[in-house]
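Below you'll find the structure, written out as structure tokens, and then a few comments.
Numbering (the working numbering), first residue to last: 823 to 945.
So, in structure tokens, the structure goes:
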């Protein structure tokens with residue numbers, strides 16, 4: 823079932839998906855890893871929205887981004903969730919079963935992690 827289908831929405835938050843070279847190589851976004859494409863810290867961010875449903879955590883980028891990733895992370899593929907916030911930057915890291923790490927900048931990290939954990943426990 824895809825985003826926009828008749829799924830129950832458990833939580834929805836504005837977020838930025840931090841695109842690094844690993845995310846680009848994993849195919850989550852079209853190849854943006856061209857030399858010079860990434861910023862000073864070898865990252866780029868796509869603004870959008872995280873939507874939590876009973877089975878999937880969806881990210882959908884705003885149309886204003888030059889790169890517009892839209893993808894779903896099945897909750898049963900999530901191994902760990904971490905609050906990796908530093909200073910004023912609120913960040914959540916999602917670690918998948920295959921070891922891939924996805925980073926989102928989002929306000930209310932701890933509460934959102936709790937919501938995801940509740941949904942995972944209900945699977």
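For each residue, glycine too, the CB sits at the ideal point set by N, CA and C.
Report yes if the CB atom of residue i is closer than 8 Å to the CB atom of residue j, and no otherwise.
i, j, result
"residue 878", "residue 896", "yes"
"residue 841", "residue 889", "yes"
"residue 830", "residue 875", "yes"
"residue 927", "residue 867", "yes"
Tell me which residues share the same chain as residue i and place their Cβ nearer than 7 Å to its Cβ, disregarding the 5 neighbours each side in the sequence.
i, result
"residue 907", "913, 931"
"residue 935", "903, 905, 914"
"residue 765", "Because the chain here runs from 823 to 945, residue 765 falls outside it and cannot be looked at."
"residue 942", "897, 900"
"residue 832", "874, 875, 876, 937, 941"
Quickly, what does DSSP pair residue i with across the bridge? List them, please.
i, result
"residue 893", "881"
"residue 869", "838"
"residue 833", "874"
"residue 785", "Residue 785 lies beyond the residue range present for the chain, which begins at 823 and ends at 945; the question has no answer from this structure."
"residue 927", "838, 913"
Residue i: which of the options sits nearest, CA to CA?
i, options, result
"residue 921", "911, 899, 934", "899"
"residue 834", "903, 919, 882, 866", "882"
"residue 893", "919, 886, 924, 901", "924"
Skipping 5 residues on each side, what residues in its chain have a beta carbon closer than 8 Å to that of residue i?
i, result
"residue 887", "868, 869, 870"
"residue 939", "903"
"residue 944", "876"
For residue i, which residues in the same chain have their Cβ closer than 6 Å to its Cβ, ignoring the five residues on either side in sequence?
i, result
"residue 919", "899, 901"
"residue 933", "none"
"residue 929", "912"
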